[in-house]
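Peer 1: The following block contains the structure, expressed as structure tokens.
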Amino acid sequence: MGPRWLNVCWRQATDTMRDVDIVYLYEHAARELDVACAVTARLRKDYGLRVEIIHWPHGFADAVGRIRPRLVVLPFCYTERSYVNLLHFWYKVIFFNLTWEQLFYKGNEKAKTPHGDFAINHVVHHAWSTPYVDFLEDQGVPGDHILSNGQPAYTLYDEPYRNYFASRDTLARRYGLDSRKRWVFFPENYNWAFYSKNTLERFVADGQSPVDIQEMREFCNRSLAEVLQWCRASVVNGKIELILRPRPSTTSGEFSAVVDNILTEIPEGLHILQGESVREWILASDIVVSSHSTSLIEGSIAGKRAAILEPYPMLDLLKADWHAYVPRVKSKQEFLALCEDPTRSFREDPLENWARHSLMSKGDAIQNLSAYLDKLVRGEVVCPPYYLKRDFLTPAKRLLPIKLWRLYRHYTERNRQVSAGYIKDVLSATEMQNLMNRWERILA
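Numbering-wise, the working numbering comes out as the position in the sequence shown, counting from 1, plus 212.
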């Protein structure tokens, strides 16, 4: 009687749900949403698939009792722990991991390594390069569960995708910048200085060394303090607009508080901006500089002069192989000289050559990704087995989470509660539709 009643309740809870082909989850809008919209536009236009773009985790509360997907695209997947709630009721679906971080350094490789039954055996992984394919296979991921494609975000700098982004004049009007000045774009990546205590504890639980974490935190704090002095000096002559962009997971308020503490006041010409994605700013700027951010690769692909700011010798923990192709700026004088001369001092850019050969050699990665997702949905390529755990399949285990999530959805809608770190990432249905309309016009 009990199980039968629970099954009836489960059918009542889900009978209003509609089927879709793909749920595309994104975490950080600035990093992922351009690709999500471009891929979705192609999937709808070229393949006629039903796709919904949903923020993870905040959009999930609304989606769980509303739609039932055949395939779920994940922004990352290192372990099932990240998606335990999702797996309670989106359990008979195909999972595809976009893996938005693949260019590792020693200090973050352990935290970004897939492990556990779900991540290894039940997910299709997206690889940008041959070395990452080898890395996944070394972890035990079957070769037919890997799509070797290229970096779709880098494709955005090529036609027709680059036509989507706002022009320099538009950005100047929107943010009060002088388009006649030289623009220096600084997407900072002093990530270890801003990670929360909970995030660091999770890294340690995943095998990260506490000693290494402390060393990287001290290095990032020290480097940021010095580089901010360089930034202040660069805008004194009034010829430079320096756009300093915090990482997507760091709020502008958090970052501005640190800057205020170091500089006491933010000088005219130094702008802390987190609006738009990095792509608008890279395409609009003359120079791209950073600590060790992969945005430097994007700047090089876009034809801009790119350089690593290195006031102190780079820690071995933070070194990545691609750093060998990037010029280093090691003093305030060198930085000021770079700002004065934004043109490339070499005919060919080694960083761009490496990126296009290693991370863009498969052609249009957005089109390739769209075609592969279509084949997954239609069963035309090998799919991993469903991740079926007995406790996930009992009606009681499924019914309680869906009821709780619906209650949570009602509460959050009523109180407009979104975590501070995700406020800029959660879009309304109208905002999302406007983005899709623009992308569909570009790709038409």
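Beta carbons: idealized from backbone N, C-alpha and C, even for Gly.
Which stretch, first to last residue, makes up the alpha helix (DSSP H) that contains V395?
Peer 2: In the sequence on display, residue 395 carries Trp and not Val. Premise fails: W395 lies in the beta strand (DSSP E), 394-399, not in any alpha helix (DSSP H).
Peer 1: Measuring straight from C-alpha to C-alpha, what distance separates L655 and Q545?
Peer 2: Rounded to whole angstroms, L655 to Q545 spans 45 Å at the Cα level.
Peer 1: Check for me: the beta strand (DSSP E) holding A519 runs from which residue to which?
Peer 2: Per DSSP, A519 is one residue of the beta strand (DSSP E) stretching across 517-521.
Peer 1: Which first and last residues belong to the beta strand (DSSP E) in which N580 is found?
Peer 2: Element bounds for N580: not the beta strand (DSSP E) but the alpha helix (DSSP H), 577-590.
Peer 1: Within 10 Å of its beta-carbon, does N410 have 16 or more other beta-carbons around it, so buried, or fewer, so exposed?
Peer 2: exposed
Peer 1: What residue from D346, N375, V296, P343 has the CA that sits closest to G328's CA?
Peer 2: V296
Peer 1: What are the partner residues of P281, as DSSP defines its beta bridges?
Peer 2: V232
Peer 1: Just the C-alpha distance for L389 and E652, rounded to the nearest angstrom, thanks.
Peer 2: 30 Å
Peer 1: Identify which residue in H504, L550, Q314, R293 has its Cα closest to the Cα of R517.
Peer 2: L550
Peer 1: I513 and A567 look like a contact to me (Cβ under 8 Å); what is the Cβ gap, rounded to whole Å?
Peer 2: 6 Å
Peer 1: Assuming Y236 and E264 are in contact, meaning their beta carbons sit under 8 Å apart, how far apart are those beta carbons, in whole angstroms?
Peer 2: 7 Å
Peer 1: Which stretch, first to last residue, makes up the alpha helix (DSSP H) that contains E652?
Peer 2: 641-655
Peer 1: Mind checking who S502 pairs with in its DSSP beta bridge?
Peer 2: In DSSP, S502 forms a bridge with I520.
Peer 1: Which ranges does the alpha helix (DSSP H) cover as unbroken runs of at least 4 residues, wholly within the segment 241-266, from first to last along the chain?
Peer 2: 241-259
Peer 1: Within 10 angstroms of its Cβ, does T642 collect 16 or more other Cβ (buried), or is it exposed?
Peer 2: Using a 10 angstroms sphere on the CB of T642, the tally of other CB atoms stays under 16, which defines it as exposed.
Peer 1: Is it the case that the segment 351-360 contacts the segment 331-341, given that we only count it when at least three CB pairs across the two stretches are under 8 Å?
Peer 2: yes
Peer 1: Keeping to the same chain, check which residues put their C-beta closer than 6 Å to that of K636; ignore five residues upstream and five downstream.
Peer 2: none
Peer 1: Quick one, are the C-beta atoms of E292 and F330 less than 8 Å apart?
Peer 2: yes
Peer 1: What number of angstroms, rounded off, separates the C-alpha of K574 from the C-alpha of D370?
Peer 2: 14 Å
Peer 1: Output needed for D661: all residues of its chain with C-beta closer than 6 Å, excluding positions within five of it in sequence on either side, in chain order.
Peer 2: What is shown of the chain runs 213 to 656, which leaves residue 661 out entirely.
Peer 1: Indicate the three-state DSSP secondary structure (helix, strand or coil) for I339 in the structure shown.
Peer 2: The sequence as given places Ala at residue 339; Ile does not occur at that position. A339 falls in the strand class under three-state DSSP.
Peer 1: DSSP three-state call for L440: helix, strand or coil?
Peer 2: The answer is helix: DSSP assigns L440 an H, G or I state.
Peer 1: Please list, in chain order, all residues of the same chain as S570 whose beta carbon is under 7 Å from its beta carbon, the five residues on each side excluded.
Peer 2: S341
Peer 1: By a C-beta neighbour count over all protein chains shown, 10 Å radius and 16 as the cutoff for buried, is G352 buried or exposed?
Peer 2: exposed
Peer 1: What residue range does the beta strand (DSSP E) around S468 cover?
Peer 2: No beta strand (DSSP E) holds S468; the alpha helix (DSSP H) holding it covers 464-475.
Peer 1: Under three-state DSSP, which class holds E453?
Peer 2: Three-state DSSP puts E453 in a strand.
Peer 1: Is it buried or exposed for Y598, if we count other Cβ within 10 angstroms and need 16 for buried?
Peer 2: exposed
Peer 1: In three-state DSSP terms, what is L412?
Peer 2: helix
Peer 1: To the nearest angstrom, how far is it from the Cα of R650 to the Cα of R374?
Peer 2: 12 Å
Peer 1: What number of angstroms, rounded off, separates the C-alpha of D246 from the C-alpha of N449?
Peer 2: If you take the alpha carbons of D246 and N449, they lie about 36 Å apart.
Peer 1: Count the C-beta pairs between the segment 377-391 and the segment 435-447 that are closer than 8 Å, then say yes if the count reaches three, no if not.
Peer 2: no
Peer 1: Please name the residue, chosen from R386, G260, F406, that lies closest to T463 on a Cα-to-Cα basis.
Peer 2: F406
Peer 1: With which residues is H483 paired in a DSSP beta bridge?
Peer 2: I455
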